[in-house]
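To start, the structure under review is shown below, and the notes come after it.
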Ligand code: BG6
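In our numbering, the protein residues as written are 1133 to 1602.
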């Protein structure tokens, strides 16, 4: 495996939105942390020069997290710029020149996938592909066939071990923590299976709309934008077996096994919605049937999860911004204390805006001792200043050559296989009012037993760290 540190970063799409919002801030953070000390060559077709790119980078830092004068001075000294068309060999000759004697560059394609083929071809022809690493943004294709075609293009010039498919969700600390929590503690694993878990639900709610990304979003929709990638990654963390070793391939193998056990989603197990007003957004087709919300049910047909329904829900303009996983446990038997009236136990993992792990249990009500209330035993923590952001993590790992947090070819293709039929099924799209939990059809068609969990603001804060006594 190609584990050497890249000695240059070339990023295509340097004048774009992603660079402005995420990449420049991530590069500055890497400099502050001491993980970036190689030339950074921005490439775009904007008719700009290096000073204009630097001005844009400065503006980006001021708007997204703040400019650190020392780190900026260093980043500014590392920045280079090549302006030109991605189909023009002169652009790539200029890139090659800027690369100087770099021997293992990382090429980061923050550009639409339709351009990948041209860029790869030109990188090969200009001699910049040798020993190089390719970092590619999501969405990786828009269905199974297009993902396979992108894989064909990339694999024609690079080995799989040199291809880093970004899913920034994987680089979020709380997403990591789900796996660490499951496999570093013996408390959860014995009950984390079909004998004890009644259902699992995953909610990714955002209280905002499409934020000016109409043209992109309208050709994408919620299933392609966040379910096929971000939410499936969360689901794999919930459902996977403990990897036999802690290397990246063992981890990625276990995730792929989860996806392989999931049959394609059936149209009747999906409800799609569109927030009212979406059709007036810039870049959206007047008669668009793109979903801004989707709720669905699927099954993981593995020994551990057979028969346990997984419910997934994601949407724009929901009442809150929050990503949360909730596993409801089966009720205790109907003895003197158990039965249908006892509040159900559940385990809750919150991914954002803060990291929370909560276990809900039934205790005697303080108002009526013949009744029981659900209370949560909760540990919660807000992100701390200086914590590594997801984009810093993915870029640092890609440059260092660690593939653990990147989606492998088989993973991406399995994920598309699961959603492919419903992407093509033309299921109805129901309108919903903004700041609601989507169309009412959800509760009739894909409601978990006991109903959907509607995330509430977390009241308590901070993990209590227990001092080590041995
Ligand atoms: C992106 C999607 O991949 O993830 C966006 O394109 C979504 O639509 C975003 O809002 C959510 O990620 P985060 O890290 O901002 O919660």
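Note that the Cβ used here is the ideal one computed from N, Cα and C, for glycine as well.
Classification of residue 1464 by the beta-carbon crowding that lies within 10 angstroms, buried from 16 upward
exposed
Just how far apart, CA to CA, sit residue 1134 and residue 1265?
For residue 1134, the pLDDT reaches just 47, beneath the cut-off of 50, and the residue's location in the model is therefore unreliable, although a value from the coordinates is still provided. Spanning the two alpha carbons is a distance of roughly 8 Å.
Classify residue 1134 as helix, strand or coil using the three-state DSSP reduction.
Here residue 1134 scores only 47 on pLDDT, less than 50, and its place in the model is too uncertain to base an answer on.
When DSSP labels each residue in this structure, what does residue 1227 get in the three-state scheme?
helix
Contact check, residue 1262 vs residue 1523 under 8 Å by CB: the rounded distance?
That belief does not hold up - the Cβ atoms of residue 1262 and residue 1523 are roughly 27 Å apart, past 8 Å.
Are the beta-carbon atoms of residue 1307 and residue 1391 separated by less than 9 Å?
no
Residue 1454, enclosing beta strand (DSSP E) - first and last residue:
1454 to 1461
For my contact list, residue 1475 and residue 1506 are in at a C-beta cut-off of 8 Å; report their separation, rounded to the angstrom.
3 Å
Quick check on the DSSP output: the alpha helix (DSSP H) that includes residue 1564 runs from which residue to which?
Here residue 1564 belongs to no alpha helix (DSSP H); instead the beta strand (DSSP E) covers 1561 to 1564.
Cβ-heavy atom distance, residue 1547 to the ligand BG6, below 8 Å:
no
Going by DSSP in three states, residue 1431 sits in which element: helix, strand or coil?
strand
Looking only at C-alpha atoms, which of 1581, 1164, 1148 sits nearest to residue 1192?
1148
What's the gap between the Cα of residue 1201 and the Cα of residue 1371?
45 Å
The beta strand (DSSP E) that contains residue 1405, what's its start and end?
1402 to 1407
Look up residue 1143 in the DSSP assignment and give the residues it is bridged to.
1174, 1240
By Cβ distance below 6 Å, which residues in the same chain neighbour residue 1295 in space, the five residues on each side in sequence not counted?
1266, 1286
Straight-line Cα distance separating residue 1457 from residue 1534
27 Å
For residue 1270, is the beta carbon positioned less than 8 Å from some heavy atom of the ligand BG6?
yes
Pop quiz: residue 1083 and residue 1247 are said to be a contact at Cβ under 8 Å. What is the actual Cβ separation, rounded to whole angstroms?
The chain is shown from 1133 up to 1602; residue 1083 falls before or after that span and cannot be answered.
Do residue 1466 and residue 1489 have their C-beta atoms closer together than 9 Å?
no
Quickly, what does DSSP pair residue 1506 with across the bridge? List them, please.
1494
Quick check: what's the CA-CA separation for residue 1377 versus residue 1302?
19 Å
Whole-Å CB distance - residue 1342 paired with residue 1444, under 8 Å assumed:
Contact doesn't hold; Cβ gap of about 20 Å is too wide.
Spell out a yes or no on whether the stretch 1427 to 1437 and the stretch 1308 to 1323 are touching, meaning 3 or more CB-CB pairs, one atom from each, closer than 8 Å.
no
What residue range does the alpha helix (DSSP H) around residue 1326 cover?
Where residue 1326 is concerned, there is no enclosing alpha helix (DSSP H), given that its DSSP letter is neither H nor E.
Residue 1438 and residue 1326 closer than 9 Å at C-beta:
yes
The stretch 1545 to 1558 / the stretch 1274 to 1288 touching (three or more Cβ pairs under 8 Å)
yes
Under the DSSP definition of a beta bridge, which residues are partnered with residue 1212?
1173
Report the CB separation of residue 1481 from residue 1310 in whole angstroms; it is logged as a contact under 8 Å.
5 Å
Assuming residue 1484 is part of the beta strand (DSSP E), what are its boundary residues?
1478 to 1484
Can you name, in chain order, every residue of its own chain whose Cβ lies under 6 Å from the Cβ of residue 1249, other than the five neighbours on each side?
1285
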